[in-house]
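Colleague: I have a structure I would like to understand better, so I am pasting it below and will then ask my questions one at a time.
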Amino acid sequence: MRNQLETLAKPRPLLDRKGWAAFLAIGFVLIVLVPLLNILPGRGSALHLSDYLIPLLGKYACYAILALSLDLVWGYAGILSLGHGAFFALGGYAMGMYLMRQIGTRGVYGHPELPDFMVFLNWKELPWYWQGFDSFPFAMLMVLLAPGILALVLGWFAFRSRVTGVYISIVTQAMTFALLLAFFRNDMGFGGNNGLTDFKDILGFPIQAPSTRIGLYVVSVIVLGLCFLLCRFVTQSKLGRVLLAVRDAESRVRFLGYSPTAAKLFAFVLSALLAGIAGALYVPQVGIINPGEFSPANSIEIAIWVAVGGRGTLYGAILGGVVINLVKTWLTGAAPELWLFVLGGLFIASTLLFPKGIVGMVGQWKAWRDQKKAYALDDKAAAQKGAE
Amino acid sequence: MRPAMPLPSVLVENATAGLAPEVVGKVRVSDTQLYLDGVSVSFDGFRAINNLALMVAPGELRTIIGPNGAGKTTMMDIITGKTKPDAGEVLFAGRVDLTKLDEVAIANLGIGRKFQKPTVFENLTVFENFELALKSARGAWKTLLGRLNSEALDRIAWALDTVGLDTKVEDIAGSLSHGQKQWLEIGMLLVQDTQLILLDEPVAGMTDAETKQTAELILTLKGERTLVVVEHDMEFVRDLGAKVTVLHEGSVLSEGTVDHVQNDPRVIEVYLGR
Ligand SMILES: Nc1ncnc2c1ncn2[C@@H]1O[C@H](COP(=O)(O)OP(=O)(O)O)[C@@H](O)[C@H]1O
Ligand SMILES: [Mg+2]
């Protein structure tokens, strides 16, 4: 038994052999193959990957990071945040502010410092909170700090007061709704309902150029991979087990001497950081960030991705984020009026019919197949016995 | 069943440090492991605990009986910080005021509890349940980077053996039988390194054989740890052979040996018709 315990006590690997193989294979396809198929074959070739697909795939990678971030808090810590769209949008706005400052004199009004919308509002100088955003490292810091601090403050008050279950969902919905209203206001200084757009370049590269788009796409995929490994690191650690314990029996965890507040706060803040990073990668690829990203419906949609993909597995969330957005892209082109019904239907189906999501269904199918195999073997054995 | 592992004696020493010279009857308050006096709590005007007094010595095994609704579970809620009393004194080791602390701080003092309804972490394995209960750093960062050392494994191995779950190490806790879950919860208290153990109806739903084994286990712990056991099963209470406190309507009705309380006319009256 001692040997068994020694084995169990070993730090758990991030992924097993099969997991690493799949991880590296998918990474190779997305990071090497996809860009090559875009660059190498001629436009007429059947192998050619069309230019418009690159930013689309980049967008899916951002959604996947966002889904992953929600799965960390919902699937593992039991916190159903319906405000993750807000963390995503804050990261996006921080990136947007950097991109606005890069425009310089190339704006419609040609002001060297003020973005167009400020000139339009007759503002004379840059507000204090826009200072520093011309620096990329500073802006990246804000991509983390804005959502991180909001999550820290909100989580601190909510978790300490033992706000759980549906109440935490309501609080986070209210948070994103409040931010939606605030960012709509022109005098907030974030471009009102038009948001931030007309970006020209990022780190000196023209933002519309195909090579920049490939670069942004590749960075998004790499960041997705790193975020996945980081989440695995957390969930494979003892803290991961504490989070599961908090999810399943929060009060019991207290009587063991752990503070659920600390564990939840850790997960919530980390998750908000990931959502912020996703938003920051998203904005240069879609070319705009506006208050619509704060809409409560957006945050609910993220929860649906995770539920449909399969929560508490990390890769299920990624799968859900990508698959549902694929369907969305296709449907909003083919039959836009159907999209909301399909989304609602998927959500209802995932709660009633496949509560463990796509990942759970695959697991069930495998179990069923193995069972069938076992029965077949039994039958064979019985038949042989009968023949003897 | 193996004998209990020796405990760090620091808590026991503290208990006898003699800070408060206050004396109740023949016992000094500072010599008690657990001390409750004048404790009352009401829920919506209903007095669940009414001027309750209780003293348990270090290393003592105490059984608490009383009809349903007598306030036994509520008393444990008060000791472990789940419920704050409206009035009264609750001291641990004769000097720590438990009414000022929350559940987490109280657990970290070395007070462990088994709930009336077995609550283990159903989605985790037996090993993982023990791993969580293990006395070790509890901060978020510490648990993110923490590793189990050899001494920790010794404790887990010993606890698995003591509660007889050594063949179920990798089983999911949710798949255990009711009795095994009860034992897992007791085992978790053992690795948690608690000085004071509160057991709320530990043999509810157990077979007779399991009940006997549990009594044996509790008896091996007696002396090493302070135990307060709430139970209905009089056979089991008899097996434990410890001092019995009878609760009724939130206060102590009678106290003494099993025979003493069973022959106490007031106790007989309360249990009449049962
Ligand atoms: N949180 C609570 N709110 C309201 N009433 C409660 C609460 N906890 C316990 N009670 C009441 O206090 C009384 C004592 O309950 P309890 O301590 O569970 O009794 P026992 O464990 O001795 O059977 C019961 O009448 C119960 O209904
Ligand atoms: Mg009870």
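Going down the list, the sequences are from chains U and F.
Numbered according to the numbering used here, the first sequence spans residues -11 to 376.
Numbered according to the numbering used here, the second sequence spans residues 50 to 323.
Cβ atoms here follow ideal geometry from the backbone N, Cα and C, with glycine treated the same way.
Just so you know, these numbers come straight off a predicted model, no measurement behind them.
(1) Kindly indicate which three-state DSSP category S340 (chain F) falls into: helix, strand or coil?
(2) Sorted by chain position, which residues of the same chain lie with C-beta nearer than 8 Å to P70 (chain F)'s C-beta, five sequence neighbours on each side aside?
(3) Pull up the distance between the alpha-carbon of R(-10) (chain U) and that of K217 (chain F), whole angstroms please.
(4) Compare the beta carbon distance of V169 (chain F) and R204 (chain F) with 7 Å and say whether it is the shorter of the two.
(5) Counting only C-beta atoms, is E152 (chain F) closer than 7 Å to chain U at any point?
(6) So the beta strand (DSSP E) R173 (chain U) belongs to, where does it begin and stop?
(7) Chain U beta carbons: is any one of them nearer than 7 Å to that of E177 (chain F)?
(8) Please report the residue range of the beta strand (DSSP E) in which M104 (chain F) lies.
(9) Which one or two residues does DSSP pair with A136 (chain F) in a beta bridge?
(10) Comparing the CB of T122 (chain F) with every heavy atom of ligand 2, is any distance shorter than 6 Å?
(11) With distance defined between alpha-carbon atoms, name the residue in U:K368, U:W356, U:S225 nearest to L197 (chain F).
(12) Report yes if the C-beta of N117 (chain F) is less than 6 Å from at least one heavy atom of ligand 3; otherwise report no.
(13) If you reduce the DSSP assignment to three classes, tell me which class M(-11) (chain U) lands in.
(14) For T185 (chain U), which residues does DSSP report across the bridge?
(15) According to DSSP, is T294 (chain F) helix, strand or coil?
(16) Answer yes or no: do G298 (chain U) and V347 (chain U) have a C-beta to C-beta separation smaller than 7 Å?
(17) Nearest CA to the CA of T160 (chain U): which residue from U:N110, U:V209, U:L68, U:V230?
(18) Look up L225 (chain F) in the DSSP assignment and say whether it is helix, strand or coil.
(19) Across which residues does DSSP place K163 (chain F) in a beta bridge pair?
(20) What does the Cβ neighbour count give for L198 (chain U), buried or exposed, with the cut at 16 atoms within 10 Å?
(21) Would you please verify whether the beta carbon of A(-3) (chain U) is less than 7 Å from any beta carbon of chain F?
(22) Entirely within the stretch 18 to 80 of chain U and at least 4 residues each: give me those alpha helix (DSSP H) ranges in chain order.
(23) For the stretch 196 to 208 of chain F, enumerate the residues whose C-beta is nearer than 7 Å to any C-beta of chain U, in chain order.
(24) Distance cutoff 7 Å, beta carbons only. Does D288 (chain F) sit that close to anything in chain U?
(25) Kindly examine ligand 2 and report whether one of its heavy atoms sits closer than 6 Å to the Cβ of Q165 (chain F).
(26) Any chance the CB of A322 (chain U) is under 6 Å from a heavy atom of ligand 1?
(27) Measuring only between beta-carbons, confirm whether R150 (chain U) sits less than 7 Å from chain F.
(28) Can you give me the Cβ contacts of K292 (chain F) inside the same chain, cut-off strictly under 6 Å, excluding the 5 residues immediately before and after it?
(29) Would you please state the rounded distance, in angstroms, between the beta carbons of G87 (chain F) and A136 (chain F)? I believe it to be under 8 Å.
(30) Could you work out which residue in U:G183, U:R31, U:F147 is closest to M83 (chain U) when comparing CA atoms only?
(31) Along the alpha helix (DSSP H) that carries T223 (chain U), what are the first and last residues, could you check?
(32) Mind checking if K226 (chain U) is an interface residue toward chain F, Cβ cutoff 7 Å exclusive?
(33) With which residues is T112 (chain F) paired in a DSSP beta bridge?
(34) Quick check: the Cα distance between L173 (chain F) and A222 (chain F), rounded to an integer number of angstroms?
(35) Which residues, taken in chain order from the stretch 134 to 152 of chain F, show a beta carbon closer than 8 Å to some beta carbon of chain U?
(36) How about A263 (chain U) and F76 (chain U): do their beta carbons lie closer than 7 Å?
Modeller: For this structure:
(1) A query on residue 340 (chain F) cannot be resolved here, the shown segment of chain F reaching from 50 to 323 and no further.
(2) As a position in the second sequence, residue 70 (chain F) is number 21, starting the count at 1. Its pLDDT being 44, under 50, P70 (chain F) is placed unreliably by the model, and the measurement read from it follows with that caveat. Excluding residues within five positions, the ones whose Cβ falls inside 8 Å are R77, S79.
(3) Within the first sequence, the letter at position 2 stands for residue -10 (chain U). Within the second sequence, the letter at position 168 stands for residue 217 (chain F). Answer to the nearest angstrom: the Cα atoms are 13 Å apart.
(4) For the purposes of this step, residue 169 (chain F) is identified with residue 120 of the second sequence, where counting begins at 1. For the purposes of this step, residue 204 (chain F) is identified with residue 155 of the second sequence, where counting begins at 1. No.
(5) Translated into the one-based positions of the second sequence, residue 152 (chain F) becomes position 103. Closer than 7 Å: yes.
(6) The residue given as residue 173 (chain U) occupies position 185 in the first sequence. Here R173 (chain U) belongs to no beta strand (DSSP E), and DSSP marks it neither H nor E.
(7) Counting from one through the second sequence, the residue named residue 177 (chain F) turns up at place 128. Output row for E177 (chain F): interface = yes.
(8) Along the second sequence, read from residue 1 onward, the residue named residue 104 (chain F) stands at position 55. Its beta strand (DSSP E) spans residues 95 to 105.
(9) On the second sequence, position 87 is the one that residue 136 (chain F) refers to. Looking at the DSSP assignment, A136 (chain F) forms a beta bridge with F:S89.
(10) The residue labelled residue 122 (chain F) in the question sits at position 73 within the second sequence. Result yes, Cβ under 6 Å from ligand 2.
(11) As a working note, residue 197 (chain F) is residue 148 in the second sequence. Per the Cα distances, U:S225.
(12) This structure lacks ligand 3; the ligands present are ligand 1 and ligand 2.
(13) Position 1 of the first sequence, counted from the start, is the residue given in the question as residue -11 (chain U). DSSP places M(-11) (chain U) in coil when its eight states are reduced to three.
(14) For the purposes of this step, residue 185 (chain U) is identified with residue 197 of the first sequence, where counting begins at 1. T185 (chain U) pairs with U:I276.
(15) In the second sequence, residue 294 (chain F) corresponds to position 245, counting from 1. The answer is strand: DSSP assigns T294 (chain F) an E or B state.
(16) As a working mapping, residue 298 (chain U) is identified with position 310 in the first sequence. As a working mapping, residue 347 (chain U) is identified with position 359 in the first sequence. Going by C-beta atoms, G298 (chain U) is nearer than 7 Å to V347 (chain U).
(17) Taking the first sequence and counting its residues from 1, one reaches residue 160 (chain U) at position 172. Of U:N110, U:V209, U:L68, U:V230, the residue nearest in Cα terms is U:L68.
(18) Within the second sequence, numbered from 1, the residue matching residue 225 (chain F) stands at position 176. Coil, per DSSP.
(19) The residue you call residue 163 (chain F) lines up with position 114 of the second sequence. Answer is F:L248, bridged to K163 (chain F).
(20) Taking the first sequence and counting its residues from 1, the one referred to as residue 198 (chain U) is at position 210. According to the sequence as given, residue 198 (chain U) is Pro; it is not Leu. Under this definition P198 (chain U) is an exposed residue.
(21) Residue mapping note: residue -3 (chain U) aligns to position 9 of the first sequence, counting from 1. For A(-3) (chain U), the answer is yes, since a Cβ of chain F falls inside 7 Å of its Cβ.
(22) 22 to 27, 41 to 59
(23) R196, L197, L202, I205, A206
(24) If you number the second sequence from 1, residue 288 (chain F) lands on position 239. D288 (chain F) does not count as touching chain U.
(25) Here residue 165 (chain F) refers to the residue found at position 116 of the second sequence. True, at least one ligand heavy atom lies under 6 Å from that Cβ.
(26) By one-based count along the first sequence, residue 322 (chain U) stands at place 334. Incorrect: A322 (chain U) has no Cβ contact closer than 6 Å to ligand 1.
(27) Taking the first residue of the first sequence as 1, we reach residue 150 (chain U) at position 162. It does not; no Cβ of chain F falls within 7 Å.
(28) On the second sequence, position 243 is the one that residue 292 (chain F) refers to. For K292 (chain F), where only same-chain residues beyond five positions count, the Cβ hits under 6 Å are R111.
(29) Walking along the second sequence from the start, residue 87 (chain F) turns up at place 38. Walking along the second sequence from the start, residue 136 (chain F) turns up at place 87. The Cβ separation is near 6 Å, so the contact holds.
(30) Residue mapping note: residue 83 (chain U) aligns to position 95 of the first sequence, counting from 1. The option with the nearest alpha carbon to M83 (chain U) is U:G183.
(31) Sequence index remark: in the first sequence, residue 223 (chain U) carries index 235 (1-based). It spans 198 to 224 - the alpha helix (DSSP H) in which T223 (chain U) sits, taken as one unbroken run.
(32) The residue you call residue 226 (chain U) lines up with position 238 of the first sequence. K226 (chain U) counts as touching chain F.
(33) As a first step, residue 112 (chain F) is located in the second sequence; it is residue number 63 there, counting from the start. T112 (chain F) pairs with F:V278, F:V293.
(34) Translated into the one-based positions of the second sequence, residue 173 (chain F) becomes position 124. Translated into the one-based positions of the second sequence, residue 222 (chain F) becomes position 173. So the two alpha carbons sit approximately 6 Å from each other.
(35) D151, E152
(36) Here residue 263 (chain U) is taken as the residue at index 275 of the first sequence, counted from 1. Here residue 76 (chain U) is taken as the residue at index 88 of the first sequence, counted from 1. It is a contact, given that the beta carbons lie within the stated cut-off.
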